[in-house]
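Asker: Have a look at the structure that comes next, please.
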Amino acid sequence: MISFPSKLANLSSLTTFDLRNYSNLTSLSNELKNLSSLTTLDLRGCSSLTSFSKELKNLSLLIKLNLRGCLSLTSFLNELAHLSSLTILYLSYFSSLTNLSNE
Numbered sequence: 000m001i002s003f004p005s006k007l008a009n010l011s012s013l014t015t016f017d018l019r020n021y022s023n024l025t026s027l028s029n030e031l032k033n034l035s036s037l038t039t040l041d042l043r044g045c046s047s048l049t050s051f052s053k054e055l056k057n058l059s060l061l062i063k064l065n066l067r068g069c070l071s072l073t074s075f076l077n078e079l080a081h082l083s084s085l086t087i088l089y090l091s092y093f094s095s096l097t098n099l100s101n102e
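Using numbering that gives the first Met the number 0, read the sequence shown as starting at 0 and increasing by one per residue.
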């Protein structure tokens, strides 16, 4: 399993995180919560990503989330609803999506 690089979690001033086409990424770890200034998260083409970390809900400044081509993502955790600043959400090319929540 390949997950979010934990050493990058110390970049609390990071506003844009582009993991585009990181095809071996399978999950986002809890360290994501430390990227408190993040406004853009691009996961486009992360074809092996199967789930989000519950810590995604802590990204209160996130405005743009790109999930195009996340072929293995089967559901979205309810934490997505906690992203109060989210104004742009890209969803396309899902072959495994069965549910928008984890319930």
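The beta-carbon is built from N, C-alpha and C at its ideal position, and this holds for glycine as well.
Taking F16 as part of the beta strand (DSSP E), name the residues at either end of that continuous run.
Answerer: Counting along the chain, the beta strand (DSSP E) containing F16 begins and ends at 15-17.
Asker: Using a Cβ-Cβ cutoff of less than 7 Å, which residues in the same chain neighbour R103 once the five nearest sequence positions on both sides are dropped?
Answerer: Residue 103 lies beyond the range of the chain shown here (0 to 102); nothing can be said about it.
Asker: Would you kindly work out how many angstroms separate the C-alpha atoms of L72 and K63, rounded to a whole number?
Answerer: Between L72 and K63, the C-alpha separation is close to 18 Å.
Asker: Of all the options K32, T86, N9, which has the alpha carbon lying nearest to the alpha carbon of F51?
Answerer: For the residues K32, T86, N9, the minimum Cα distance to F51 belongs to K32.
Asker: Tell me which residue opens and which closes the beta strand (DSSP E) that I87 is part of.
Answerer: Start and end: 87-89.
Asker: Just confirm the distance between the C-beta atoms of S36 and S12, as a whole number of angstroms; I'd bet it's less than 8 Å.
Answerer: Right, the Cβ-Cβ distance comes to about 5 Å (below 8 Å), so this counts as a contact.
Asker: Alpha carbon to alpha carbon, what distance is there between G68 and S91?
Answerer: If I take the Cα positions, the gap works out to 6 Å.
Asker: Terminal residues of the continuous beta strand (DSSP E) containing T25?
Answerer: Here the beta strand (DSSP E) through T25 covers 24-26.
Asker: Given a cut-off of 8 Å, decide if L55 and L88 are closer than it, judged by their beta-carbon atoms.
Answerer: It is not a contact, given that the beta carbons lie outside the stated cut-off.
Asker: Whose CA, out of N23, N29, T25, T38, lies closest to the CA of T14?
Answerer: Ranking the options by Cα distance to T14, first place goes to T38.
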